[in-house]
Every structure is written in structure tokens, then in C-alpha cells.
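Engineer: Residue numbers (numbering that gives the first Met the number 0), protein chains in the order written: chain F, 0 to 171; chain H, 0 to 212. Here it is: the structure, laid out below.
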Amino acid sequence: MLQGLAGNAKAYQAFLQRLAGHLRAFFRRRLFQCPQDVEDLVQETLLAVHNQRHTYEPDQPLTAWVHAIARYKLIDLLRRRATHEALHEPLDEASELFAESDATAYETHHDLNKLLDMLPDKQRIPIIAVKLQGRSVSDVAARTGMSESAVRVGIHRGIRKLAACFRERNTS
Amino acid sequence: MKTDDLINLLSTAAEPVAPHTGARRVARAMAWSFPVAVVLMLAVLGLNPALGAYSRLPMFWLKFLAPLSMAMAGLVLLERLGRPGMPVRKIWVVYLLPVAVLWAVGLGSWVTAPVEARPALLYGLTWSICPACIAMLSVPFFMAAFWVLRGMAPGSPRLAGAGAGGLAGAAGATLYALHCPELGAPFMAVWYVLGMAIPVVCGALLGRRLLRW
Numbered sequence: 000m001l002q003g004l005a006g007n008a009k010a011y012q013a014f015l016q017r018l019a020g021h022l023r024a025f026f027r028r029r030l031f032q033c034p035q036d037v038e039d040l041v042q043e044t045l046l047a048v049h050n051q052r053h054t055y056e057p058d059q060p061l062t063a064w065v066h067a068i069a070r071y072k073l074i075d076l077l078r079r080r081a082t083h084e085a086l087h088e089p090l091d092e093a094s095e096l097f098a099e100s101d102a103t104a105y106e107t108h109h110d111l112n113k114l115l116d117m118l119p120d121k122q123r124i125p126i127i128a129v130k131l132q133g134r135s136v137s138d139v140a141a142r143t144g145m146s147e148s149a150v151r152v153g154i155h156r157g158i159r160k161l162a163a164c165f166r167e168r169n170t171s
Numbered sequence: 000m001k002t003d004d005l006i007n008l009l010s011t012a013a014e015p016v017a018p019h020t021g022a023r024r025v026a027r028a029m030a031w032s033f034p035v036a037v038v039l040m041l042a043v044l045g046l047n048p049a050l051g052a053y054s055r056l057p058m059f060w061l062k063f064l065a066p067l068s069m070a071m072a073g074l075v076l077l078e079r080l081g082r083p084g085m086p087v088r089k090i091w092v093v094y095l096l097p098v099a100v101l102w103a104v105g106l107g108s109w110v111t112a113p114v115e116a117r118p119a120l121l122y123g124l125t126w127s128i129c130p131a132c133i134a135m136l137s138v139p140f141f142m143a144a145f146w147v148l149r150g151m152a153p154g155s156p157r158l159a160g161a162g163a164g165g166l167a168g169a170a171g172a173t174l175y176a177l178h179c180p181e182l183g184a185p186f187m188a189v190w191y192v193l194g195m196a197i198p199v200v201c202g203a204l205l206g207r208r209l210l211r212w
């Protein structure tokens with residue numbers, strides 16, 4: 000994580016990879032009634048860890064920081080759910096039982112690709128090209144006519160925006 | 000998209016992050032809110048004309064230093080509230096300690112005063128405007144503190160809002176002490192504390208709406 004904060008992408012990726020495993024176990028234990036939410040919450044928490052990494056200082060145990068974020072996201076989800084369900088009382092419990100099949104249980108609710116579609120071009124195109132297709136920033140800049148810093152800014156803003164899209168989707 | 004794709008996406012966006020973002024944000028917030036509040040105080044209320052003579056009275060210093068020390072603790076509190084998982088209980092106690100001192104001194108002065116002198120000690124001449132003036136002077140600090148927290152990640156939005164209000168109220172009361180003509184300890188124990196509590200309550204109520212992330 001510390002190396003990630005310093006900009007070491009490899010170390011950061013390994014950290015996020017391990018973190019995802021811990022988060023999955025953490026949320027699965029607490030959300031055994033709705034396993035379909037687990038992967039959503041893992042992704043939302045990873046995004047929050049990334050977007051809020053400036054709030055971590057080395058004077059604090061990393062576990063305490065991550066745990067507080069995971070806990071916040073879990074409570075946030077449950078609270079939104081509770082308000083939502085209070086407004087929309089389920090009509091028929093029995094039909095709900097068969098509404099969801101086991102195969103979808105551990106896949107995410109929202110397709111992140113669909114969330115990406117909600118972003119403006121100048122954020123979406125760099126994210127897809129650089130992050131998902133693995134092109135270099137300079138390559139994408141040359142192809143799209145954007146400056147390299149515009150590509151970087153687009154990616155940065157796009158990732159922040161994704162977190163917001165996540166939250167909106169979770170409520171609706 | 001699978002979680003692994005998201006991780007790849009995030010790890011390639013790992014620009015280095017500068018340390019002490021929270022502390023720098025607090026400093027920047029105070030750099031604009033403090034002058035605004037001072038101007039507001041001088042324009043609307045003005046300095047106490049007898050401030051020179053007051054500076055030789057211990058009661059003035061109690062009235063000035065109690066909220067000032069709360070504001071100092073409030074700065075530390077604010078920075079911590081913005082960071083997930085930071086312990087804040089001790090710093091809350093430090094923040095509230097001057098209130099206990101105000102109450103103790105106020106109560107002591109109340110019980111030792113003759114009965115007919117008590118209303119003057121409690122109400123002074125300005126009790127009806129004191130809490131509102133403190134709340135008014137706290138507004139710039141309140142906005143600044145919320146701005147700090149909105150750029151951070153408060154683990155408990157309601158508590159963080161209350162903390163932001165706590166800093167704002169104490170800072171507002173410190174400035175108001177430079178205008179306020181009152182010297183009765185029971186006055187401070189009641190009306191100053193009430194004035195400082197107004198932004199705390201507002202902060203707790205607004206925190207849930209404005210400080211989610």
C-alpha cells in the first residue's frame with residue numbers, strides 16, 4: 000500500500016488483489032442473507048480505497064483504515080437498502096424466492112461496462128484504451144489527439160465518477 | 000466487468016499521493032475562514048472598547064482562552080474525523096474539558112454570590128443575543144470545516160459533522176469574546192456553551208446529508 004501511494008503500480012496491484020480477497024471474506028460473513036451484494040460491495044470498497052487513499056497516513060495501522068472503509072460501505076449499503084425497502088414493500092415473498100437463480104449469485108449486480116457507458120467520452124475512452132486494452136498513455140494521446148495529461152486527468156476523473164455511479168445504481 | 004479488471008484499472012491509475020493531505024486541507028480552510036470571520040466580527044459587532052482594561056481581568060482570559068483551547072483541540076479533531084479508522088475519543092474529551100472548567104467556575108461563582116446578585120451574573124445585559132452572535136461568527140468556520148471533511152472520508156458522517164460544528168462554535172466564541180462585555184462566570188457557563196452547541200447540532204444534522212462518500 001505504501002509503495003502504491005508512492006506510485007508503484009505493481010505493488011499497488013498486488014495489494015488490491017490481496018485486499019479484494021479479504022474484503023470478499025469479510026462481506027460474505029456479514030451478508031450471508033444477500034450473497035449477490037458481496038461482489039458489488041467488494042468493488043465499491045476497492046474504488047473507495049483508491050479514491051480516498053489520500054486519507055491514509057502511516058501513523059495509523061493500515062488494517063484499521065481499510066476496516067473502517069469496509070465498515071462504512073457496508074453500513075451505507077444496509078442503510079440505503081433499509082430506506083429503499085421501507086418505501087417499496089416486496090409484493091410477494093414467495094415469488095421472490097424463485098426470482099433469482101443460483102448462477103447469478105456471485106456475479107455483480109451492475110455490469111461495470113454499463114457504468115463505463117455513463118461516463119463522458121473523454122473519460123471513458125482513455126479508461127478503456129489504457130486500462131482495459133493495455134495501451135500506453137502516449138499511444139492513446141496520439142490516437143485520440145488528446146494531450147497526455149488530458150488522458151491522465153480523464154482516467155482520474157472517470158474513476159472518481161465510477162464511484163458515484165455505483166452509489167446511484169445501488170439505490171435504484 | 001470482473002473485480003480483477005477493476006483492480007487492473009485502479010492499479011494503472013496509481014498516481015503518487017502527497018502525504019498529510021488532511022492537515023494541509025485544514026490549514027487551507029483556516030487560512031480563508033479566519034480572516035472572513037474576523038472581518039464579519041469587526042463589521043457587525045466591533046471590538047469591545049474596554050478591551051485594554053479587560054486584559055487585566057482573569058474573567059476575560061477565562062472567557063477568551065476556554066473557547067480558544069477548544070478550537071485548537073477542534074482542529075486536531077477535524078483532521079482525525081476526516082480519516083477512516085482514526086481514534087477520536089480522547090481528543091473529544093480534550094475538546095470538552097474547557098466546558099467542564101466553565102461549568103465548575105460558573106457554578107462556584109453562582110453558589111457563593113448573594114441571591115440578589117445572581118440574576119446579573121447569569122443574564123448580564125446581553126444574554127439574549129450572545130448565543131446567536133456566537134453562532135453567526137461560527138458560520139465561516141463551519142463552511143470551512145465542512146469543506147475539509149467533504150474532501151476526506153469521515154467514517155461516521157454524523158459524528159464528523161458534529162465535530163466540524165464543534166470547531167466552528169469554539170472558534171466563533173473565541174472571536175465573540177473580543178466583543179462581549181460580560182464578565183460573569185455563570186453567563187459564560189450557560190450562554191457561551193449554548194452558542195457553541197448550536198453549530199454542533201447543525202453539523203450533526205447536516206453531516207448525514209453532506210458528508211457521505
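Note that beta-carbon positions come from the ideal geometry of N, C-alpha and C, so glycine has one too.
1) Can you give me the Cβ contacts of Leu150 (chain H) inside the same chain, cut-off strictly under 7 angstroms, excluding the 5 residues immediately before and after it?
2) Per DSSP, what kind of secondary structure is Thr240 (chain H) in: helix, strand or coil?
3) Which residues in chain H sit within 7 angstroms of Val173 (chain F), going by Cβ to Cβ distance?
4) Rounded to the nearest angstrom, how far is the Cβ of Ala143 (chain H) from that of Ser32 (chain H), given a contact under 8 angstroms?
5) Would you call His53 (chain F) buried or exposed, if buried means 16 or more other Cβ atoms sit within 10 Å of its Cβ?
6) Is Gln51 (chain F) near Ala152 (chain H), with beta carbons less than 7 angstroms apart?
7) Tell me, to the nearest whole angstrom, how far the beta carbon of Leu9 (chain H) is from that of Leu15 (chain F); I am working on the premise that it is less than 8 angstroms.
8) Can at least three beta-carbon pairs, one atom from the segment 111-119 of chain H and one from the segment 91-101 of chain H, be found at a separation below 8 angstroms?
9) Would you list, in sequence order, the uninterrupted alpha helix (DSSP H) runs of no fewer than 4 residues that lie entirely inside the segment 160-189 of chain H?
10) Does any residue of chain F bring its CB to less than 7 angstroms from the CB of Ser108 (chain H)?
11) Would you decide whether Ala169 (chain H) is buried or exposed? Buried here means 16 or more other CB atoms lie within 10 Å of its CB.
12) The alpha helix (DSSP H) spanning Pro139 (chain H) covers which residue range?
13) Spatial neighbours of Ala184 (chain H) within its chain, please: C-beta separation below 6 angstroms, excluding the five flanking residues on both sides.
14) Counting only the same chain and skipping the five closest in sequence on each side, list residues whose C-beta sits under 7 angstroms from that of Ala140 (chain F).
15) Does DSSP classify Arg177 (chain F) as helix, strand or coil?
16) Helix or strand or just coil, what does DSSP make of Thr2 (chain H)?
17) Chain F beta carbons: is any one of them nearer than 7 angstroms to that of Val16 (chain H)?
18) What residue does the alpha helix (DSSP H) around Leu200 (chain H) start on, and which one ends it?
19) Is the shortest distance between the beta-carbon of Ala13 (chain H) and the beta-carbons of chain F less than 7 angstroms?
20) Under 8 angstroms by Cβ, that's how I've got Arg79 (chain H) and Val92 (chain H) pegged, so tell me the actual separation to the nearest angstrom.
21) Assign Val192 (chain H) to one of two classes, buried (16 or more other C-beta atoms within 10 Å of its C-beta) or exposed (fewer than that).
22) Verify the CB distance criterion: does Leu77 (chain F) have a CB-CB separation below 7 angstroms to chain H?
23) Provide the residue span of the alpha helix (DSSP H) that contains Trp212 (chain H), from first to last.
24) Under 7 angstroms between C-beta atoms, does Leu15 (chain F) make it to chain H?
25) Is the CB of Thr103 (chain F) under 7 angstroms away from at least one CB in chain H?
26) Count the other C-beta atoms from every protein chain shown that fall within 10 angstroms of the C-beta of Gln132 (chain F), then say buried if there are 16 or more, exposed otherwise.
27) From the beta carbon of Gln35 (chain F), is the nearest beta carbon of chain H less than 7 angstroms away?
28) Straight-line CA distance for Ala42 (chain H) to Pro34 (chain H)?
29) Anything in the segment 66-83 of chain H with a Cβ closer than 7 angstroms to a Cβ of chain F? List those residues in chain order, please.
Structural biologist: The short version:
1) Position 151 of the second sequence, counting from 1, holds the residue named residue 150 (chain H). Strictly speaking, residue 150 (chain H) in this sequence is Gly, with Leu absent from that position. Once the five neighbours on either side are set aside, the close Cβ partners of Gly150 (chain H) are Arg24.
2) Here chain H covers residues 0 to 212 and nothing more, so residue 240 (chain H) does not appear.
3) Lying before the first or after the last residue shown, residue 173 (chain F) is absent from chain F, which here runs from 0 to 171.
4) Here residue 143 (chain H) corresponds to residue number 144 of the second sequence, with the count starting at 1. Here residue 32 (chain H) corresponds to residue number 33 of the second sequence, with the count starting at 1. Right, their Cβ atoms sit about 4 angstroms apart.
5) By one-based count along the first sequence, residue 53 (chain F) stands at place 54. By the neighbour-count rule (16 or more Cβ atoms within 10 Å), His53 (chain F) is buried.
6) By one-based count along the first sequence, residue 51 (chain F) stands at place 52. By one-based count along the second sequence, residue 152 (chain H) stands at place 153. Yes, the pair counts as a contact, with Cβ atoms nearer than the cut-off.
7) The residue given as residue 9 (chain H) occupies position 10 in the second sequence. The residue given as residue 15 (chain F) occupies position 16 in the first sequence. With a Cβ gap of about 6 angstroms, Leu9 (chain H) and Leu15 (chain F) count as contacting.
8) no
9) none
10) The residue labelled residue 108 (chain H) in the question sits at position 109 within the second sequence. Taking Cβ atoms only, chain F never reaches closer than 7 angstroms to Ser108 (chain H), which makes this a no.
11) Position 170 of the second sequence, counted from the start, is the residue given in the question as residue 169 (chain H). By the neighbour-count rule (16 or more Cβ atoms within 10 Å), Ala169 (chain H) is buried.
12) Counted from its first residue, the second sequence places residue 139 (chain H) at position 140. 129-149 is the span of the alpha helix (DSSP H), which, as asked, contains Pro139 (chain H).
13) Working through the second sequence from its first residue, we reach residue 184 (chain H) at position 185. Closer than 6 angstroms at Cβ, skipping near neighbours: Val104, Gly105, Ser108.
14) Walking along the first sequence from the start, residue 140 (chain F) turns up at place 141. So the qualifying residues of the chain are Ser146, Glu147, Val150.
15) There is simply no residue 177 (chain F) to check, as chain F begins at 0 and stops at 171 in what is shown.
16) The count along the second sequence starts at 1 and reaches residue 2 (chain H) at position 3. In this structure, Thr2 (chain H) counts as helix in the three-state DSSP scheme.
17) For this step, residue 16 (chain H) is matched to residue 17 along the second sequence. Yes, Val16 (chain H) counts as interfacial toward chain F.
18) Residue mapping note: residue 200 (chain H) aligns to position 201 of the second sequence, counting from 1. Reading off the sequence shown, one finds Val at residue 200 (chain H), where the question assumed Leu. Here the alpha helix (DSSP H) through Val200 (chain H) covers 192-209.
19) Against the second sequence, residue 13 (chain H) aligns to sequence position 14. Cβ-Cβ to chain F under 7 angstroms: yes for Ala13 (chain H).
20) Residue numbering aside, residue 79 (chain H) sits at position 80 when the second sequence is read from its first letter. Residue numbering aside, residue 92 (chain H) sits at position 93 when the second sequence is read from its first letter. About 13 angstroms; that fails the 8 angstroms criterion.
21) As a position in the second sequence, residue 192 (chain H) is number 193, starting the count at 1. Buried, since its Cβ has 16 or more Cβ neighbours within 10 Å.
22) To locate residue 77 (chain F), count along the first sequence from 1; it is residue 78. It does not: the Cβ of Leu77 (chain F) has no partner Cβ on chain H nearer than 7 angstroms.
23) Here residue 212 (chain H) is taken as the residue at index 213 of the second sequence, counted from 1. Careful: Trp212 (chain H) lies outside any alpha helix (DSSP H) and carries neither H nor E.
24) By 1-based counting over the first sequence, the position of residue 15 (chain F) is 16. It does; some Cβ of chain H falls within 7 angstroms.
25) Residue numbering aside, residue 103 (chain F) sits at position 104 when the first sequence is read from its first letter. A caution first: Thr103 (chain F) carries a pLDDT of 43, below 50, which makes its placement in the model unreliable, though a value can still be read off. Cβ-Cβ to chain H under 7 angstroms: no for Thr103 (chain F).
26) The count along the first sequence starts at 1 and reaches residue 132 (chain F) at position 133. That one is exposed.
27) To locate residue 35 (chain F), count along the first sequence from 1; it is residue 36. So, not an interface residue.
28) The sequence position of residue 42 (chain H) within the second sequence is 43, counting from 1. The sequence position of residue 34 (chain H) within the second sequence is 35, counting from 1. Rounded to whole angstroms, Ala42 (chain H) to Pro34 (chain H) spans 12 angstroms at the Cα level.
29) Gly81, Arg82, Pro83
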